[in-house]
Structure formats: C-alpha cells, structure tokens
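Which chain is which? The protein sequence lines are A and B, in order. 22 is the number of the first residue of the first sequence in the working numbering; add one for each residue after it. 5 is the number of the first residue of the second sequence in the working numbering; add one for each residue after it. For every residue, glycine included, the Cβ atom is placed at its ideal position computed from N, Cα and C. Right, one structure below, let's go through it.
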Amino acid sequence: MAESNLGIEPEVLKAIYGQMARIRAVDKAIQAGLSAGKFMFTYWPMTGQECIPATISQLTTERDYMITTYRGIHDQVAKGVDLYGMFAEALGREGGVNKGKGGSPHISDPSSGSMVTTAIVGAGAPIANGLAISAKERGEDRVTIVNFGDGATSIGAVHEAMNLAGAWQLPVIFMCQNNQWGEYTEIPTYTASPNFYGRAEALGFKGVKLDGNDPAAFYKGMKEVIDHVRAGKGPVFVEAVTYRIGPHAGVGENYNCTKEALAAAKERAPVEKTRALLLEAGICTEDELTGLEAAAKSEVEDAIERALASPVTPATETVVDVFADVDSVPKRGNYPVRAAEGELPGETKTMSMVEAVLDAQTLAMDANPEVFILGEDVGDPQGGVFGTNKGLQTRLGDRRVRPTPIAESAIIGAALGSSIAGMSPIAEIMFCDFMGVCLDQIANHAAKQRYMSGSATHAPMTIRMQLGGGMGGFGAQHSQSLEAWLTHVPGIKVLYPSNPIDAKGLLLSAINDPDPVVVFESMMLLYTQKAEVPLGDYRIPLGVAKVKREGSDVTLISYGWELLNCLAAAEELAKEGISAEVIDLRSLVPIDYHRIFESVKKTGRAVVVHAAVEFCGLGAEICSTINEELWGKLKAPAVRLGADYAPIAYSKDIETHQVPSLNSIVARVRAALKS
Amino acid sequence: MSTTLTIPKLEMSMSEGTLAEWKVEDGAEVKEGDVIYILETNKTSRDIEAPAAGKLIHKAPAGETYDVGTEIGEIV
Numbered sequence: 022m023a024e025s026n027l028g029i030e031p032e033v034l035k036a037i038y039g040q041m042a043r044i045r046a047v048d049k050a051i052q053a054g055l056s057a058g059k060f061m062f063t064y065w066p067m068t069g070q071e072c073i074p075a076t077i078s079q080l081t082t083e084r085d086y087m088i089t090t091y092r093g094i095h096d097q098v099a100k101g102v103d104l105y106g107m108f109a110e111a112l113g114r115e116g117g118v119n120k121g122k123g124g125s126p127h128i129s130d131p132s133s134g135s136m137v138t139t140a141i142v143g144a145g146a147p148i149a150n151g152l153a154i155s156a157k158e159r160g161e162d163r164v165t166i167v168n169f170g171d172g173a174t175s176i177g178a179v180h181e182a183m184n185l186a187g188a189w190q191l192p193v194i195f196m197c198q199n200n201q202w203g204e205y206t207e208i209p210t211y212t213a214s215p216n217f218y219g220r221a222e223a224l225g226f227k228g229v230k231l232d233g234n235d236p237a238a239f240y241k242g243m244k245e246v247i248d249h250v251r252a253g254k255g256p257v258f259v260e261a262v263t264y265r266i267g268p269h270a271g272v273g274e275n276y277n278c279t280k281e282a283l284a285a286a287k288e289r290a291p292v293e294k295t296r297a298l299l300l301e302a303g304i305c306t307e308d309e310l311t312g313l314e315a316a317a318k319s320e321v322e323d324a325i326e327r328a329l330a331s332p333v334t335p336a337t338e339t340v341v342d343v344f345a346d347v348d349s350v351p352k353r354g355n356y357p358v359r360a361a362e363g364e365l366p367g368e369t370k371t372m373s374m375v376e377a378v379l380d381a382q383t384l385a386m387d388a389n390p391e392v393f394i395l396g397e398d399v400g401d402p403q404g405g406v407f408g409t410n411k412g413l414q415t416r417l418g419d420r421r422v423r424p425t426p427i428a429e430s431a432i433i434g435a436a437l438g439s440s441i442a443g444m445s446p447i448a449e450i451m452f453c454d455f456m457g458v459c460l461d462q463i464a465n466h467a468a469k470q471r472y473m474s475g476s477a478t479h480a481p482m483t484i485r486m487q488l489g490g491g492m493g494g495f496g497a498q499h500s501q502s503l504e505a506w507l508t509h510v511p512g513i514k515v516l517y518p519s520n521p522i523d524a525k526g527l528l529l530s531a532i533n534d535p536d537p538v539v540v541f542e543s544m545m546l547l548y549t550q551k552a553e554v555p556l557g558d559y560r561i562p563l564g565v566a567k568v569k570r571e572g573s574d575v576t577l578i579s580y581g582w583e584l585l586n587c588l589a590a591a592e593e594l595a596k597e598g599i600s601a602e603v604i605d606l607r608s609l610v611p612i613d614y615h616r617i618f619e620s621v622k623k624t625g626r627a628v629v630v631h632a633a634v635e636f637c638g639l640g641a642e643i644c645s646t647i648n649e650e651l652w653g654k655l656k657a658p659a660v661r662l663g664a665d666y667a668p669i670a671y672s673k674d675i676e677t678h679q680v681p682s683l684n685s686i687v688a689r690v691r692a693a694l695k696s
Numbered sequence: 005m006s007t008t009l010t011i012p013k014l015e016m017s018m019s020e021g022t023l024a025e026w027k028v029e030d031g032a033e034v035k036e037g038d039v040i041y042i043l044e045t046n047k048t049s050r051d052i053e054a055p056a057a058g059k060l061i062h063k064a065p066a067g068e069t070y071d072v073g074t075e076i077g078e079i080v
C-alpha cells in the first residue's frame, strides 16, 4: 500500500512494530517471571504504552539523549539498551549495565544514549536541560528526550525545567506519556487542568498533543517535533495520549481502573492494532509477523537466561563507585594519608575571599571552555549577589555566565545534566538554606548518579553555596549551617574553606574533581578575610586538614568561620597557660582523620567546634571516631560544641549566644581540661 | 537450564502467600503457560502459570503459607 493511504512508509511501520514486539516480549517475560516466582524485582508495568518509544526509535539514534523513569523499560528497549545488560541490572547482577547497583529503576547506558533513569517523579526534566545545554554549546544536533508520565506534570521540577528550557531555547523534548494515571490516582482527581500540552504555550514554547497509540499519526507528529528541535528552534512539549493497561506497580491485582475503562483501553492498545494494520495493508504476512515475534521472544529468553547466570553483585562492591576514588569514602579503620599541597606559587596578591573565588573561577573558565557558571543573578553588573563573578559575564558572554530563573531545582538539574555530558558547570545557589528546594537534585541525583550507574556515568559538577550565619540579622532562613545535610548523603564531596588562599585552591580542585563537590562560602569570611593569595592555578587537595596553630594540651578541630573563633580562643587560652592546637578541616568529605588523630594523639584531648546545630552534627561523628580509635591514648573524651537546638534567631542577643563564640569555646575547653 | 519456582512477590506490600493447591502432579510434564498451582494472598486467589516447559518438581507441600521468595518447586 502506498504511503499516502497509510500516512507512513510501510517499512517504517514494520520497523515500529518490530520494536513494539520486542517491548511486548520483554513485558510478557517480566510479568510471567514475576508472577511465577522465577525471579523477583520491582516492576512498574508499561503495558499499552509501547507505541511511543517504538516510534521514537525510528526518528532518533544512539547519539540522541534520553532520560526516563522507573516505568521506562519500554523506553530502554526501544532506545537500544542491550537486553542482557538490562535484565542483569534489574536482577542486581554483575553483568548489569550498571553492575547491578542501579536496578530496573536506574538504568544508565550512555552507549545507547539512555543517560539517566530516575525513580523520583518529574526529576528527569531539569537534568534533561543540562544534557541539552551540552549539545547546544558543542554545536551538536542531538536532541534530548525526557520521558515522564502525566502524573509528573504536577510536580515543581517539571515546571521549573520547562520554564528554563523555554528561556534558553534548549533542544529538549518534554515527552509526557499521558497514560491517564498518576500512580493510583486518575485524572481529574489530581488536576483541574488536564490540558497538559497547553502548559508549554503558557511558558512561551511549542506544545502538541498526539495520539500515542497510533504509530502513523505519532510518527508524523514526532517527525515535525524532532525536526523542529534538531533545527535549534527551541523545546517542544509533547503530550502523547495513551493508556496504562496495568497497575502502578507489581503484577498483582491492585489496579483501580474500572473493567469498562480497561476494556476500552485494550480496544485501543497499539500492539494489536498495529499488527492488524500491517496484515490488512498487506505489508506483512502472518508468517512474517509470527517470525518477528518469535525472534523477539527468543532474544528475550536468551537475555534472561544469561542474566540469571550472572553472579549477584557481591558486597565487596559496596563502597566502589561512590566516588571516583574509593579512599574518599569515610570508612572505619581506613584513614588514608593524603599528601598536602606543598609549596604554593610564590607570587601573590592581596585578595579578599570574594576576589579569591573570582580568581579561581576566572582561571578555570579561561583554561576550559566547558566550565560555565549558572545561578540566580550571577551576571554583571553585580557579578552575583556576593560579587564573586564580577566581570566574567561581560568578558566571556552570557553562555558562560548564565543568570537563571529563581528555580533552584532547574539550576542544579541543568548543572547535573551538563556534567553527565562531560561539561564542568559551577552552580551557585546563594544561601545554603535554599538547598531545601533543590535537595532532590543534589541528594537523589547528583550524589547518586555515579553509584546508581556503576560509574557508567558521573557528575563532575561544582555547587557553590553561601552561608549567612554569624553576620547577624539574616533570620532563621538565611543563617543556617547545613553541611551535615550533605555529609550524610553518600556521593557528594563537601568543602568549607576558612580563608582566601584555601578558598581559591579548594575551588579549583572542586571544579577539576570528577565527582560532585559542594563548596561552602561563609559571608563572614567572604567580606572580612584578606590574604596574600598566590597567583595562577594551584590546588588544595581534598581531604587534607591543616594545623593552623600548634599546641600540646588540647586540639581544637573546626572549619569555616568558627575556625577564626577557635584561633582567638587558643590565644585566650594561652594567657592561662593552656596550649591549644588548632586544626582546620577544610574538607569535610573526604575527611582527614589521619591528621586529626596525629594531633589528638599528641595532645590527648579534642574539642570539635562548628556553627551547625550540635545535635546530630559533624562534631558528634568526629568525636565518636576519635573516642573509638584513640581510646587509651586520650586524657579525656573528645567533646563537641555546636549551636543550640533552635532555629537561628533574629535577635542579635540570641544569635550570638546560640552559636559557639570565643567565650563559649574557651569555657568548653576549660571544662574538657578538667575532666 | 532449570527454572526455579518461588512464591512470587506480586506487589510491593506482599510478604507471604499460600500455596493452596498444586494443579499439576509432581513429576508431570508442563507446557509454558499451563496453570501449575493456585496462590492465595490476603487479597486474591490466583492461577500461577508455568514460566517454562519441562518436568515439574514439587518442593513444598500445598496448604501451607510461605514467605515470598521461598522455593516451592522447579521446572527441569
């Protein structure tokens, strides 16, 4: 039959069906295997949605990027993820595409262009923007397609990502597979605005609604969409209408769908309809289709058989892939000795910490065109709210220094996606208190991408955050010290310099590190600290603490702006004849227990001081480790001093009393010496 | 390759199931898709189909409740 009658080339339709048959074979084998207890893993059925990825597969290649969700097994199959690697992954086996560490909801297979699979609804959209930034900046004609369900349109991350993609005209397709259900909750229970594609128009870019169950119509519509995006005409939101013929999760009978709705959906199901069309149009014979289906079934059986034979990924792999280097992982009994920075360049210039941060960024951006800054108000004339980027946008342009919407999830996601593609973004989110609105991107995605992908991907991104604590007058939502939020999430490195020299050297290390690194910059220090900062590129290694003052009676361990209070306290204690050694941790993850122990072995006493809340703070962790490892060598138990358990108050009196001060540190040391 | 049969986890909240009745005798040949036993959970009763063809070996008696993942048979 001619194309004019079908609306699609016969060979293309046949190829689409070929992918549908593979998806169906995978779906059936999973459902059968799970139902019979042949194997066990968590499965979110995608039955009924086969046409969408099967059709897209005929319009894209492995060079095009894809992000999908835990339900996206159909997307993985059509994208070209090796079925053995996919099944072995779902079964947690060594042979998995991600070494069995990600599992079925976290497939990453860069060789096929399947970059990220998230189990957090809607969270892929901000990351897709980052992949799209890399393609656009590199002049590549790749498109990035991010798949999500209609349920994801309710979450903020999708809105933030769509707004940013529109503002920056990114080559990204928001592929909303509208299967009519947000998990167990149906439209219209969860929204009064089911006109999903219309939301793109509201954000200033193109939105289309297509029949995701009709391969000919969907192919035609998607061809226009992909041509548009590939040509650099900006993002498109596609609402692909389909129906999920199965429950949200598992293979049990827990579907809320009515029998009538299910029957109607089955009437419209794409696999059977497309098969019938191929026969009716005389494109394929029954024998050809049976052969094609049998080949798909045997490909799947072979993949499952080999996957079941692959060994379960062993516990010896536990801390491998957390970071690029396993020694950065904090682990009881493993306290690596890391070389310090050595002699720094001799030529110096007096710089404030603001200028030191600017100098580091300038050097990094001049050395590597793929380093770029993004964040709220990061451009000139202010050069960032704290002035740390002053002049960079003017000199390097607004592709290298990108002021963003006020949307922290979009900022971190864009940084993350571009870093997965190999760029070196620096995301500035201003006050660390704003972490609360992007913690999913940091903790669930940036921190875990290397591990979940078994190092098939990694995220060499830098996040700069400022802290307002200690300045006074910023109130409870701009004064917190939240480093423990991050140190508690495996996979993210955390630095906290106390002076301009370290700030520059640590930031340069962070930008060049293969893992995501958060650098805390205290406002107290940005504006008050000046130092003779070495010129040119130098690095302060991660995980190397520094003795700032030698002493013999007690070790004060601190970081950031409280380090200054510790130095002042040491001065005060010296007047009483108490000799305090002061250690600046500089790097919280990786942490330098080696130098901590060397000092405490000498003094026999330790006091850990931080501006963060004492309860469940980093001080508790450090004290506990000292007390365990140096038991018998201590003159007194290691103790900690942090902020009182209260939000930071606006009252100057309360704030200065609730966080450690010169006086409270001195008092705590005196008490430690008495015990 | 033989296929191990365990009590399946049909959904995330399921922790145990009852092997109510074997529908195929121990040692008999089965085809893929044949109903081999009936599984009862706190929600439903369900026919469990053979995921492969071969000789069915019973490894656990009917009428008992088992934890999800317990091996109850094999198809060789």
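Closer than 8 Å, Cβ to any Cβ of chain A: which residues of the region 42-69 of chain B, in chain order? Here the close residues are 45, 47, 48, 50, 52, 53, 54, 55, 56.
According to DSSP, simplified to helix, strand and coil, what is residue 476 of chain A? In this structure, residue 476 of chain A counts as coil in the three-state DSSP scheme.
Local conformation of residue 612 of chain A per DSSP, three classes: If DSSP states are grouped into helix, strand and coil, residue 612 of chain A belongs with coil.
Going along chain B in order, which residues have a C-beta closer than 8 Å to the C-beta of residue 272 of chain A? Chain-order list of chain B residues neighbouring residue 272 of chain A: 12, 14, 15, by C-beta distance under 8 Å.
Check whether the region 544-562 of chain A touches the region 397-404 of chain A, taking contact to mean three or more Cβ pairs, one atom from each stretch, closer than 8 Å. Touching, no.
Please name the residue in A:303, A:319, A:601 whose C-alpha comes closest to that of residue 26 of chain A. Closest option to residue 26 of chain A, Cα to Cα, is A:303.
Taking the beta strand (DSSP E) that residue 678 of chain A belongs to, which residues open and close that run? Not the beta strand (DSSP E): residue 678 of chain A falls in the alpha helix (DSSP H), residues 673-679.
For residue 409 of chain A, count neighbouring C-beta atoms within 10 Å of its own C-beta (all shown protein chains included) and say buried if the count is 16 or more, exposed if not. A buried status is given to residue 409 of chain A, since no fewer than 16 other beta-carbon atoms sit within 10 Å of its beta-carbon.
Apart from the five residues just before and just after residue 665 of chain A, which ones in its own chain have a Cβ nearer than 7 Å to its Cβ? Hits under 7 Å: 679.
Let's test the definition: count the other Cβ atoms within 10 Å of the Cβ of residue 183 of chain A and tell me whether it reaches 16, buried, or not, exposed. Answer is buried; the Cβ neighbour count reaches 16.
Can you list the residues of chain B that residue 61 of chain A reaches, using a CB-CB cut of under 8 Å? Neighbours of residue 61 of chain A on chain B, chain order: 10, 12, 13, 72, 73.
Can you tell me the Cα-Cα spacing of residue 389 of chain A and residue 279 of chain A, whole angstroms? Distance from the CA atom of residue 389 of chain A to the CA atom of residue 279 of chain A, rounded to whole angstroms, is 57 Å.
Going by DSSP in three states, residue 648 of chain A sits in which element: helix, strand or coil? Three-state DSSP puts residue 648 of chain A in a helix.
Nearest to residue 294 of chain A by CA position, among A:70, A:49, A:422, A:529, is which residue? Relative to the Cα of residue 294 of chain A, the nearest Cα in the group A:70, A:49, A:422, A:529 belongs to A:70.
When the Cα atoms are used, what is the spatial distance from residue 186 of chain A to residue 193 of chain A? For residue 186 of chain A and residue 193 of chain A, the distance between alpha carbons rounds to 7 Å.
Just the C-alpha distance for residue 431 of chain A and residue 174 of chain A, rounded to the nearest angstrom, thanks. When rounded, the separation of the alpha-carbon atoms in residue 431 of chain A and residue 174 of chain A is 15 Å.
Is the CB of residue 366 of chain A under 9 Å away from at least one CB in chain B? By the rule that beta-carbons nearer than 9 Å mark a contact, residue 366 of chain A does not touch chain B.
Using CA coordinates, which residue listed in A:610, A:379, A:613, A:619 is at the minimum distance from residue 602 of chain A? Of the candidates A:610, A:379, A:613, A:619, the one whose C-alpha sits nearest the C-alpha of residue 602 of chain A is A:619.
Can you check whether the C-beta of residue 66 of chain A is within less than 9 Å of a C-beta belonging to chain B? The beta-carbon of residue 66 of chain A is placed no less than 9 Å from the nearest beta-carbon of chain B.
Hey, is residue 326 of chain A's beta-carbon within less than 9 Å of any beta-carbon in chain B? By this cut-off, residue 326 of chain A is an interface position.
Skipping 5 residues on each side, what residues in its chain have a beta carbon closer than 8 Å to that of residue 554 of chain A? Contacts found: 369, 370, 371, 372, 376, 377, 380, 521, 522, 525.
C-alpha distance - residue 47 of chain A paired with residue 473 of chain A, whole-angstrom precision: The straight-line gap from Cα to Cα measures roughly 22 Å.
With a Cβ-Cβ cutoff of 9 Å, do residue 129 of chain A and residue 99 of chain A count as a contact? No, they are not a contact pair.
Taking only beta-carbon atoms, is residue 7 of chain B less than 9 Å away from chain A? Answer yes: the Cβ-Cβ gap between residue 7 of chain B and chain A drops below 9 Å somewhere.
Residue-level contact to chain B via CB, residue 319 of chain A, 9 Å cutoff: Not closer than 9 Å to any Cβ of chain B, the Cβ of residue 319 of chain A fails to qualify, so no.
Taking Cβ positions, are residue 60 of chain B and residue 78 of chain B nearer each other than 9 Å? Cβ distance < 9 Å, so residue 60 of chain B and residue 78 of chain B count as in contact.
I'd like to check one pair, residue 433 of chain A with residue 394 of chain A: are the Cβ atoms closer than 9 Å? No, these two residues do not count as a Cβ contact at 9 Å.
Taking Cβ-Cβ distances shorter than 8 Å, what residues in chain B pair up with residue 55 of chain A? Listed by position along chain B, the residues whose Cβ is nearer than 8 Å to that of residue 55 of chain A are 12, 13, 14.
Beta-carbon proximity check, residue 697 of chain A vs residue 268 of chain A, cutoff 9 Å: Missing from the structure shown is residue 697 of chain A; chain A here goes from 22 to 696 and no further.
CA nearest to the CA of residue 263 of chain A, picked from A:171, A:621, A:626, A:467: With distances taken between Cα atoms, residue 263 of chain A lies closest to A:171.
Can you give me the C-alpha to C-alpha distance between residue 109 of chain A and residue 119 of chain A, rounded to a whole angstrom? Taking the straight line from one Cα to the other gives about 9 Å.
Ordered list of beta strand (DSSP E) runs contained in the region 561-623 of chain A, each at least 3 residues: Within the region 561-623 of chain A, the beta strand (DSSP E) runs of at least 3 residues that lie entirely inside it are, in chain order, 567-570, 575-579, 601-605, 608-610.
What runs of the alpha helix (DSSP H), each 4 residues or longer, lie entirely inside the region 112-192 of chain A? Note on the region 112-192 of chain A: whole alpha helix (DSSP H) runs with a minimum of 4 residues are 145-158, 177-189, in chain order.
Please state whether the Cβ-Cβ distance between residue 154 of chain A and residue 439 of chain A is less than 9 Å. With contacts defined by Cβ atoms closer than 9 Å, residue 154 of chain A and residue 439 of chain A form a contacting pair.
By Cβ distance below 6 Å, which residues in the same chain neighbour residue 428 of chain A in space, the five residues on each side in sequence not counted? Same-chain partners within the cutoff: 181.
Tell me which residues of the region 203-223 of chain A have at least one Cβ-Cβ distance to chain B shorter than 7 Å, keeping chain order. For the region 203-223 of chain A, the set of residues with a beta-carbon nearer than 7 Å to any beta-carbon of chain B is empty.
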